[in-house]
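*Asks:* What follows is a structure written as structure tokens; I'll ask about it next.
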Ligand code: 9D3
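Numbering (my numbering), first residue to last: 12 to 267.
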């Protein structure tokens with residue numbers, strides 16, 4: 012996979028791209044990560060990339076020329092390097108109005124050959140960028156940040172870890188457990204007693220069937236309390252449903 016990021020702050024990506032799992036994936040040749048400052052594609056002598064909005068009002072708007080220039084240059088080069096006719100890249104605009112990013116979206120993006128991310132900084136984009144250049148618009152959630160750089164790093168991190176060979180086999184199971192749609196059960200390690208707090212006895216019992224049952228119930232209970240909307244789109248066994256009914260009855264009983 013090749014990933015290009017268009018940003019006015021390429022230095023923000025250095026640490027994230029160089030360290031930990033992303034850095035290793037890059038060293039192993041599993042992903043190519045590039046940043047590009049679209050200010051270099053500004054078409055005027057002051058190298059400006061934004062301008063006042065037509066129609067007035069506050070704020071600035073990112074001009075189309077630098078972003079079209081940068082993306083088109085990139086696509087031309089990628090075509091030339093590759094030789095083989097490559098699949099069309101996804102051109103992803105990071106913006107607060109974008110589609111909410113999810114694990115499902117990460118899985119879809121991990122199937123692509125080439126991703127291009129466009130990051131802005133607390134301003135709007137000229138609408139023609141959306142209409143004629145961009146294939147996807149993504150937001151990472153309903154809170155306001157200062158720019159699209161951190162969101163792009165979040166998306167890239169979640170996509171790259173899904174690429175074959177990036178994680179060891181043990182860790183890839185973690186992906187699967189997220190895809191089951193339940194929150195994780197509680198984990199404990201040594202010591203069995205820390206201060207006054209004991210590890211649940213069942214985990215020390217060596218009785219694997221009971222342990223599995225306890226973990227499943229803990230996952231269901233946590234999901235019910237913290238993220239009940241996740242349970243609605245889940246396939247649950249008869250036993251799961253029985254346990255959830257018991258939990259709900261128990262909590263209505265308590266409040267009486
Ligand atoms: C004045 C209207 N604001 C829109 C809510 C302007 C604005 C605020 C913040 C425009 C850009 C930004 C910077 N944020 C992003 O570019 C961004 C973002 C975010 O703030 N939250 C969650 N996901 C994303 S993806 C890009």
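The C-beta atom is built at its ideal place from N, Cα and C for all residues, glycine as well.
According to DSSP, which residues form a beta bridge with residue 111?
*Replies:* Counting from 1 along the chain shown, the entry for residue 111 is found at position 100. Per DSSP, the beta bridge partners of residue 111 are 150.
*Asks:* Taking just the CA atoms, how far does residue 111 sit from residue 174?
*Replies:* Residue 174 sits at position 163 when you count from the first residue of the chain shown. Residue 111 sits at position 100 when you count from the first residue of the chain shown. Rounded to whole angstroms, residue 174 to residue 111 spans 21 Å at the Cα level.
*Asks:* Considering just the uninterrupted stretch of the alpha helix (DSSP H) at residue 47, what are its terminal residues?
*Replies:* Within the chain shown, residue 47 is the residue found at index 36, counting from 1. Premise fails: residue 47 lies in the beta strand (DSSP E), 43 to 48, not in any alpha helix (DSSP H).
*Asks:* Measure the alpha-carbon distance for residue 132 versus residue 73 and round it to whole angstroms.
*Replies:* In the chain shown, the residue the question calls residue 132 occupies position 121. In the chain shown, the residue the question calls residue 73 occupies position 62. Whole-angstrom Cα-Cα distance: 9 Å.
*Asks:* Alpha carbon to alpha carbon, what distance is there between residue 199 and residue 215?
*Replies:* Taking the chain shown and counting its residues from 1, one reaches residue 215 at position 204. Taking the chain shown and counting its residues from 1, one reaches residue 199 at position 188. Rounded to the nearest angstrom, the two C-alpha atoms are 10 Å apart.
*Asks:* Indicate whether the contact test is met: 3 or more Cβ pairs, each with one atom in the region 154 to 164 and one in the region 119 to 137, closer than 8 Å.
*Replies:* yes
*Asks:* Find out if the Cβ-Cβ distance for the pair residue 77, residue 50 is shorter than 8 Å.
*Replies:* In the chain shown, counting from the first residue as 1, residue 77 sits at position 66. In the chain shown, counting from the first residue as 1, residue 50 sits at position 39. It is a contact, given that the beta carbons lie within the stated cut-off.
*Asks:* Specify, as a first and last residue, the run of the alpha helix (DSSP H) that residue 79 falls within.
*Replies:* For the purposes of this step, residue 79 is taken as the residue at position 68 of the chain shown. First-last of the alpha helix (DSSP H) with residue 79: 75 to 93.
*Asks:* Thinking C-alpha only, which one of 14, 12, 18, 13 is nearest residue 159?
*Replies:* Counted from its first residue, the chain shown places residue 159 at position 148. Closest option to residue 159, Cα to Cα, is 18.
*Asks:* So residue 194 packs on residue 230, CB below 8 Å; how close in whole Å?
*Replies:* Start at 1 with the first residue of the chain shown, and residue 194 comes out as number 183. Start at 1 with the first residue of the chain shown, and residue 230 comes out as number 219. Residue 194 to residue 230, Cβ: 6 Å. Contact.
*Asks:* For the beta strand (DSSP E) containing residue 238, list its first residue and its last residue.
*Replies:* What you label residue 238 is simply residue 227 of the chain shown in a count that begins at 1. That residue, residue 238, is in no beta strand (DSSP E); it is neither H nor E in DSSP.
*Asks:* So, helix, strand or coil for residue 263, using DSSP?
*Replies:* Taking the first residue of the chain shown as 1, we reach residue 263 at position 252. In the structure shown, residue 263 sits in a helix (DSSP, three-state: H, G or I).
*Asks:* Hey, how far is the Cα of residue 118 from the Cα of residue 25?
*Replies:* Looking up residue 118 in the chain shown gives position 107. Looking up residue 25 in the chain shown gives position 14. Cα-Cα distance, rounded: 24 Å.
*Asks:* For residue 29 and residue 38, I'd like the C-alpha separation in whole angstroms.
*Replies:* Position 18 of the chain shown, counted from the start, is the residue given in the question as residue 29. Position 27 of the chain shown, counted from the start, is the residue given in the question as residue 38. About 9 Å.
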